[in-house]
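Trainee: Sharing a structure below in structure tokens format, with a few things to ask.
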Amino acid sequence: MNKFQEMDENIWVIGDVHGCCSSLEKLINKNEIFNNNYYKLWFAGDIVNRGPNSLKTILTLMNLDDKCLCVLGNHDIHLLSVASGISKLSKKDSFDDILNSKDYKHIIDWLRFRPIAHFQYNHLLVHAGVVPQWDINKTLSLASEIESLLRSNNWRKTLKKIYGDKPNFWRDKYRGNDRIRLITSVFTRIRLCTKDGHMDFTHKSGKGYHPNWLMPWFQVPNRKTSNINIIFGHWSNLGLLITPNIICLDTGCVWGGKLTAMRLSDRKLIQIQCDKIKK
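The numbering of the sequence shown is the numbering used here, which starts it at 1 and goes up by one.
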């Protein structure tokens, strides 16, 4: 028996929802998910924005209570930034229903208390990825730094520090704004790196359609988390990827692709075909 089949929870990991609540409802109402009393849903972040029902989506997750575990994605952090007045609502944003909700303050507080990373059963759940210089202990420690800042009374000041593409290479000596910005970029934005681990934020293509001096973060040589199963989303151009220790579940739901759930114990998949959102 696979050791993950001995888990006392029926865990399903779900890719980027992006406010596509109708697809999410179809997915989580599948009988396979509710086949015992110990189910739990892990979400890989970007639960809001771009899709038509950000408010209903986030309320659905909140109503799941302790059945739901969700790491923060870049779009979720963008919502926090707009809510705090740090960033402006753009024409592409579709979470004004949250901003206008009577439950607005409660929703924002719930969101900023979500984890940046979650590690259990030798599986690490993050939104985007990790840099090769971090082992699992360093990864969880640095995630905890950002989580503590977002949960503090001064969380709005933290959001002022996270935007920008530099620095893009990890150094233990970083402190202050550079440290906060780099850590947040790793967990919520990383896709491609150079072979020595410098992050590139200008290219988003997957499946080899990027400059040959770049590679997916998980292919960088000597990555210190190579012994850990890592599950992430964020990269719809990469799409569904399941290898022995790397799993991408962003299958482009909001772009007319699919919303994907994977059972942790045996990697069984459930997918819902989604309608492309017209903007």
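Here a beta-carbon is modelled for each residue, glycine too, at the ideal position from N, C-alpha and C.
(1) Nearest to Thr139 by alpha carbon, out of Leu150, Ile277 and Trp170?
(2) Looking only at its chain, what residues have a beta carbon closer than 7 angstroms to the beta carbon of Lys56, apart from the 5 residues adjacent to it on each side?
(3) For the stretch 257-265 against the stretch 56-73, are there 3 or more C-beta pairs whose distance is under 8 angstroms?
(4) With three or more beta-carbon pairs closer than 8 angstroms as the criterion, would you say the stretch 134-152 touches the stretch 24-43?
(5) Where in the stretch 66-113 do unbroken runs of the beta strand (DSSP E), each at least 3 residues long, occur, reported from the N-terminal end onward?
(6) Count the other CB atoms within 10 Å of the CB of Asn31; is the residue buried (16 or more) or exposed (fewer)?
(7) What span of residues does the alpha helix (DSSP H) with Arg156 cover, start to end?
(8) Across which residues does DSSP place Phe43 in a beta bridge pair?
(9) Can you tell me the Cα-Cα spacing of Asn245 and Asn229, whole angstroms?
(10) Grab the span of the beta strand (DSSP E) containing Thr260 for me, first residue to last.
(11) Among the residues of its own chain, which have a CB less than 8 angstroms from the CB of Asn2, if the five just before and after it don't count?
(12) Considering Ile230, what are the terminal residues of the alpha helix (DSSP H) in which it resides?
(13) Nearest-angstrom Cα distance between Leu259 and Asp275?
(14) With distance defined between alpha-carbon atoms, name the residue in Ser148, Gln273 and Asp76 nearest to Ile98.
(15) Are Val130 and Gly197 closer than 7 angstroms when you measure CB to CB?
(16) Under DSSP, the alpha helix (DSSP H) around Phe187 begins and ends at which residues?
(17) Kindly list the residues whose CB is nearer than 6 angstroms to the CB of Gly164, restricted to its own chain and excluding five residues on each side of it in sequence; keep chain order.
(18) Grouping DSSP H, G and I as helix and E and B as strand, with all else coil, what is Asn2?
(19) Going by DSSP, which residues form a beta bridge with Ile270?
(20) Hey, Ser81 and Ser90: beta-carbon distance below 7 angstroms or not?
(21) Measure the Cβ-Cβ separation of Gly45 and His18 and say whether it is below 7 angstroms.
(22) Candidates Gly252, Ile47, Asp250 and Leu79: which alpha carbon is nearest Leu69's?
(23) Where does His203 land, buried or exposed, given buried means 16+ other C-beta within 10 angstroms?
(24) What does a CB cutoff of less than 6 angstroms around Gln271 pick up in its chain, not counting 5 residues either side in sequence?
Mentor: If we stick to the structure as given:
(1) Each of Leu150, Ile277 and Trp170 was checked against the Cα of Thr139, and the nearest Cα belongs to Trp170.
(2) Closer than 7 angstroms at the Cβ level, and outside the excluded window around Lys56, lie Cys21.
(3) The answer is no - the stretch 56-73 does not touch the stretch 257-265, with fewer than three Cβ pairs under 8 angstroms.
(4) No contact exists between the stretch 134-152 and the stretch 24-43.
(5) The stretch 66-113 contains these whole beta strand (DSSP E) runs: 68-70.
(6) Residue environment analysis places Asn31 among the exposed positions, since fewer than 16 neighbouring C-beta atoms fall within 10 angstroms of its C-beta.
(7) Its alpha helix (DSSP H) spans residues Trp155 to Leu159.
(8) The partner list for Phe43 (beta bridge, DSSP) reads Ile14 and Cys70.
(9) Rounded to whole angstroms, the gap between the alpha carbons of Asn245 and Asn229 is 4 angstroms.
(10) Per DSSP, Thr260 belongs to the beta strand (DSSP E) from Lys258 to Arg263.
(11) Low confidence applies here, because Asn2 scores a pLDDT of 47, under 50, leaving its location unreliable; read the following figure in that light. Correct list, in chain order: Ser265 and Asp266.
(12) Ile230: not part of any alpha helix (DSSP H); member of the beta strand (DSSP E) spanning Asn229 to Phe232, first to last residue.
(13) If you take the alpha carbons of Leu259 and Asp275, they lie about 10 angstroms apart.
(14) Of the candidates Ser148, Gln273 and Asp76, the one whose C-alpha sits nearest the C-alpha of Ile98 is Asp76.
(15) Here Val130 is not near Gly197, since their CB atoms are 7 angstroms or more apart.
(16) Residues Gly176 to Arg189.
(17) Hits under 6 angstroms: Arg181.
(18) Because Asn2 sits at a pLDDT of 47, beneath the cut-off of 50, its placement in the model cannot be relied upon, and the following sentence gives the value as read from the coordinates. In the structure shown, Asn2 falls within a coil segment according to DSSP collapsed to helix, strand and coil.
(19) For Ile270, which the question treats as bridged, DSSP gives the partners Ala261.
(20) Contact: no.
(21) Result no, Cβ atoms of Gly45 and His18 do not sit closer than 7 angstroms.
(22) Leu69 has its Cα closest to that of Ile47, out of Gly252, Ile47, Asp250 and Leu79.
(23) That one is exposed.
(24) Cβ contact annotation for Gln271 (same chain, cutoff 6 angstroms, sequence separation greater than five): Lys258 and Thr260, in chain order.
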